[in-house]
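Chemist:
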Amino acid sequence: MSVLSLEPLIRRIFEAWGPIAYKFRWMLFISPFILTIGLSLGFLKMNGLRVDDPSYVFTPSDARWRRELKIFSEIWPLNENRFLPGKSFETKRFVNVLIRARDGGSILREEVLKEIQVLNQWVSNNISVSTDDGRFNLTYQDLCLSYDWVCGGNEHIDMFLQRNKVGQFIDLSYPRGGNKDTPVYLGTVLGEVELFKENNTVKNAKITQLFYFLKQEQSIVRRYSSDFSYAVERFFLHYYKSNIISVSFAHYQSLQDGLGENAERFAPNFLVSFTTLSIYALVCAFCLKRKPQKGIDWIRSKPWLACAAIGIDDMFIMNACWEQSDEHQPVPVRMAQTLSHAGVAVTITNITDIMSFAIGCITDLPGIQLFCLYAAVSVAFCYFFQITFFCGFMAICGDLERQKRHCVFFYKTMSCISIADLSQTHKEESVFPANLRQFQRTKSTKTPKIFSAPPPDASFCGVRQNSAECGKVHATPPPVYQHLPVQSRGHKEPNGIVKWFGEVYGPLIMTNSVRSTASIIFLIYIIGAYYGCVNFREGLNPGNLVTKDHYISNYFEDIKSFWKSGPQLHVAVIDAPDLTSSKTREQILSIVAAFENTEYTLGREGTVFFLLEYLNYLDQLNVELEDTPKLWHHKLRSWLKYTGGASQWASDININETTKIIQSFRFSIAMKNIVEPNNHKLAAKLMRTIADSQPFHVEVYYEAFPFADQYLIILPAMLFNVVISLLCMIVVSLLLVPSLPAGFIIFVSIVSINVGVFGYMTLWGVNLDAVSMISIIMSIGFAVDLSGHIVYAFVTSHGDTSQRVVGALETLGWPIFQRLVSHFKPVCGGTVSSEA
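Residue numbers (our numbering): 16 to 851.
#1: Would Leu-59 be called buried (16 or more neighbouring beta carbons within 10 Å of its own) or exposed?
#2: From the DSSP output, which residues share a beta bridge with Val-144?
#3: Excluding the 5 residues flanking Ala-587 on each side, which residues of the same chain have their C-beta closer than 8 Å to its C-beta?
#4: Is the CB-CB distance between Leu-415 and Cys-422 below 8 Å?
#5: Which same chain residues, not among the five before or five after Ile-831, have their C-beta less than 7 Å away from its C-beta?
#6: Spell out a yes or no on whether the segment 682 to 696 and the segment 221 to 231 are touching, meaning 3 or more CB-CB pairs, one atom from each, closer than 8 Å.
#7: In chain order, which alpha helix (DSSP H) runs of at least 4 residues are fully inside the segment 226 to 260?
#8: Compute the beta-carbon to beta-carbon distance between Leu-730 and Leu-783, rounded to the nearest angstrom, for a pair I have assumed lies under 8 Å.
#9: If you reduce the DSSP assignment to three classes, tell me which class Asn-527 lands in.
#10: Are the CB atoms of Pro-75 and Gln-602 within a distance shorter than 8 Å?
#11: Label Tyr-189 either buried or exposed according to how many other C-beta atoms from any shown protein chain fall within 10 Å of its C-beta, with 16 as the threshold for buried.
#12: Around the C-beta of Gln-455, are 16 or more other C-beta atoms found within 10 angstroms, so that it is buried, or is it exposed?
#13: Inspect the beta-carbon positions of Phe-551 and Phe-773 and report whether they are closer than 8 Å.
#14: Using a beta-carbon distance below 8 Å, is Ala-335 in contact with chain C?
#15: Please list, in chain order, all residues of the same chain as Arg-315 whose beta carbon is under 7 Å from its beta carbon, the five residues on each side excluded.
#16: Classify Gly-202 as helix, strand or coil using the three-state DSSP reduction.
#17: Would you mind giving the Cβ-Cβ distance between Lys-221 and Gly-202, rounded to the nearest angstrom? I have them listed as a contact below 8 Å.
#18: Taking only the alpha-carbon atoms, compute the straight-line gap between Phe-211 and Ala-608 and give it to the nearest angstrom.
#19: Write down the C-beta distance between Ile-761 and Ser-748 rounded to the nearest angstrom, noting that I regard them as a contact closer than 8 Å.
#20: Report buried or exposed for Arg-249, applying the criterion of at least 16 other Cβ atoms within 10 angstroms of its Cβ.
#21: Rounded to whole angstroms, what is the Cα-Cα separation between Leu-50 and Thr-291?
#22: Between which two residues does the beta strand (DSSP E) holding Tyr-716 run?
#23: Note down the Cα distance separating Ala-265 from Val-110, rounded to an integer number of angstroms.
#24: DSSP state of Arg-420, grouped into three classes?
#25: For my contact list, Ala-321 and Cys-336 are in at a C-beta cut-off of 8 Å; report their separation, rounded to the angstrom.
#26: Taking Cβ positions, are Pro-721 and Ser-70 nearer each other than 8 Å?
#27: How would you label Gly-621, buried or exposed, when you count the other beta carbons within 10 angstroms and need 16 or more for buried?
#28: Exposed or buried, which one is His-253 when buried takes at least 16 other CB atoms within 10 Å?
#29: Along the chain, where does the alpha helix (DSSP H) that runs through Gly-33 open and close?
#30: Here's a check: name, in chain order, each residue in its chain whose Cβ is nearer than 7 Å to the Cβ of Gln-497, leaving out the five neighbours to either side.
#31: Helix, strand or coil: which one does DSSP assign to Lys-221?
#32: Applying the criterion that 16 or more other CB atoms from any shown protein chain within 10 Å of the CB defines a buried residue, is Arg-150 buried or exposed?
#33: Are Ala-391 and Phe-408 close, meaning C-beta to C-beta below 8 Å?
#34: Quick one: grab the DSSP three-state call for Phe-809.
#35: Does DSSP put Arg-65 in a helix, in a strand, or in coil?
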């Protein structure tokens, strides 16, 4: 069934472009080099455009966490001399150390705690960095975020060492211990906790944390803090050893450094891939002599063109079309024959690739936007270079072939002989009959007029000699270009591989048994892909962003112990209501209860809230809860000032200095079961839903919300991009391939490949995240690439179904196989290098 198609128009345009490209071959060959040099000046700005913030790259540009973080940071900004751990989210210079007992036992044993204490003191007092002038050595005591000029010293280690003594005075229940008015939160310092059943206090724990927060406001101090972080990194990586404890750690720049190391490690991978692909392209560039001669055909081979086209896999198609053109015709005519067929196929693949990546830019994830933008522009340049630089280069190589010059060293290898002696041989060459057009080989006893042999007095280079007459043929102007019907083109005797595709593989796959087997295999493939699709998993594991041997990968594995139970959700009430009203207090307590009673929170035992502690204080004094300003303004402010947890409550409450009224306050809720990305996503969604449903302005924030926002958007973004891409690919395919059934086949191919990529990624343990979404976007373009080539060859051939299939395979089977291998080899080479 035929449809409105642009294919004839595009074919005629490229057919006309062939002689033009030949005429201006040297300009087309040289100009792209000049353009490349000019555009390469953009590398001078590369460092200024570098983006190394993972939270920017891998989370949506309009993500809710950005607004939430801004609100918390504006109300409770970082104060370097009034700093309490866990109360500020602007810390950009820190070191976090996770510690386990080397034997896998409890870290609360005395010998383990003493080892941790020694390590803590060493990091706090003995690791130093020099100032620029070399006059001073700065330790953690000089660079720390402090409270009233006193550095936090990881006091929980001393508390655990003295727990037998302090247990009489301080409740060590989990996750919130401490006195009535001075809570001590243990959920962030102990992981994998075992409790005493009778009183719910800590019995054992398998992991603990040490925190080192560093100054960052002044640029020079921020640089010294970074130097200190790297000094700690060197200490742990190269010097520290212990038979009692094992350590994993990270600082603020660890993930950025890991991503940077990935880029550096890509260099040898790229070298291996480039070398592998270069060797493969060169091997494919050499042609063998036709029977009965043997060896490499040093005239028809084009190694220099292959070198220039490394990585441009459409050149396999162009080379194949060049080889199928009539070698007895002038080079401009051969260029027209080559581009009339290859131009459409190359246009299909490049336009669909460009559209696939351009549509991929329609997402809120900056990482995907940047990748797809770069990819779309690079493919556009590839297409531009193919119809300019490579066309010009092919025309130059065609001249070398016409002059019978050596493909590597360019000297003439053949002598001039009379073509009249070869006229009978020429007449017996294989040509395409009308029923298969350019795709089927038969023996012809009559040469078509457009391929009639030159007159007997013509000559061409045949045997090595130095006669100057060889160039006379090329000194005359080429014949006037005329449109060449596709079905009238000549076809030389194919090489063995092309012959195998046409005479062995093509007829084989058309047998009923092979078609039935292929259908069964395809059905099994679809069933497996469908199973993977319905069981997909979302989430970007931060550990997968770095190599397995990078130190931060161990840190990400250990930190999951604290995601099981204990991380704190911060809840802020903005424009706080007046606490004098009992109704208002009940509403606030109902807000607290709403957050506490979910599958992702620990309940009241993990809540830290000044109002609850104040109510406990009033209850101890047997005070009647009157709705009076005296009780809820004056007495409350007095309690906040003099209670044991005064510093903690001061960091949770924002009081108007003029009116002395509470403007906003916050409390924290203990969370649990947020190890898996899907649970993390659902927890963030649930907490925000609860916040939005309250009568007051409530905001929530947790440090890992940026990852949750990516999980929330990744599936809708992927589905949107895939659907839009499919629609666009179908439109392009129908416009460029003149057949409605062919468009349907391309649609089925795209869908099956994308379903397979998505489904089998799940079965291979790959989650749906920003990285895998790029793979799905790329698979759309590749699906159109291969299916578009073979379907176009099938549609433009003639005969019954079997003959058209055989003709399509004979024409494009080998170059498509070359394209597949050209994709496969670099990936395998890079993988082997990476594993090594």
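Positions of the beta carbon are idealized from the N, C-alpha and C atoms, including for glycine.
Please read these numbers as outputs of a predicted model, since none were measured by experiment.
Modeler: Reading from the atomic positions:
#1: By the neighbour-count criterion, in which 16 or more other beta carbons inside 10 Å mark a residue as buried, Leu-59 falls on the exposed side.
#2: In the DSSP secondary-structure assignment, Val-144 is bridged to Leu-153.
#3: The residues Ile-86, Phe-87, Ile-90, Ser-679, Phe-680, Arg-681, Val-713, Glu-714, Val-715 and Tyr-716, in chain order, have a CB closer than 8 Å to that of Ala-587 in the same chain once the five nearest residues on each side in sequence are set aside.
#4: Yes. Within cutoff.
#5: Result list for Ile-831: Leu-801, His-804 and Ile-805, in chain order.
#6: Segments in contact, no.
#7: 234 to 249, all fully within the segment 226 to 260.
#8: Indeed they touch by this definition, with Cβ atoms about 6 Å apart.
#9: Looking at Asn-527 - three-state DSSP - the assignment turns out to be helix.
#10: The Cβ atoms of Gln-602 and Pro-75 lie no closer than 8 Å to each other.
#11: Result: buried.
#12: Here the model assigns Gln-455 a pLDDT of 43, short of 50, so the residue's position is not dependable, and the following value carries that caveat. Answer is buried; the Cβ neighbour count reaches 16.
#13: Yes. Within cutoff.
#14: Reference to chain C is not applicable here, since this structure consists of a single protein chain.
#15: So the qualifying residues of the chain are Cys-302 and Glu-416.
#16: Three-state DSSP puts Gly-202 in coil, outside helix and strand.
#17: In this structure, Lys-221 and Gly-202 do not form a Cβ contact; the two beta carbons are roughly 14 Å apart against a cut-off of 8 Å.
#18: Rounded to the nearest angstrom, the two C-alpha atoms are 26 Å apart.
#19: Right, their Cβ atoms sit about 5 Å apart.
#20: Per the 10 Å Cβ criterion, exposed.
#21: Between Leu-50 and Thr-291, the alpha-carbon positions lie close to 28 Å from each other.
#22: Run containing Tyr-716: 712 to 716, per the beta strand (DSSP E) assignment.
#23: Cα-Cα distance, rounded: 6 Å.
#24: The three-state reading of DSSP puts Arg-420 in strand, counting E and B together.
#25: With 8 Å as the limit, Ala-321 and Cys-336 do not qualify as a contact, their Cβ atoms being about 15 Å apart.
#26: Contact: yes.
#27: Gly-621 should be labelled buried.
#28: The residue in question, His-253, is exposed, as its Cβ has fewer than 16 Cβ neighbours within 10 Å.
#29: Going by DSSP, Gly-33 is part of the alpha helix (DSSP H) stretching over 22 to 38.
#30: Residue placement at Gln-497 is poorly supported in this model, since its pLDDT is 36, which falls under 50; the coordinates still yield a value, given next. Excluding residues within five positions, none has a Cβ falling inside 7 Å.
#31: Correct three-state label for Lys-221: strand.
#32: Around the beta carbon of Arg-150, a 10 Å sphere encloses fewer than 16 other beta carbons of the protein chains shown; the residue is thus reported as exposed.
#33: For Ala-391 and Phe-408, no; Cβs fall outside 8 Å.
#34: Three-state DSSP puts Phe-809 in a helix.
#35: Three-state result, Arg-65: coil.
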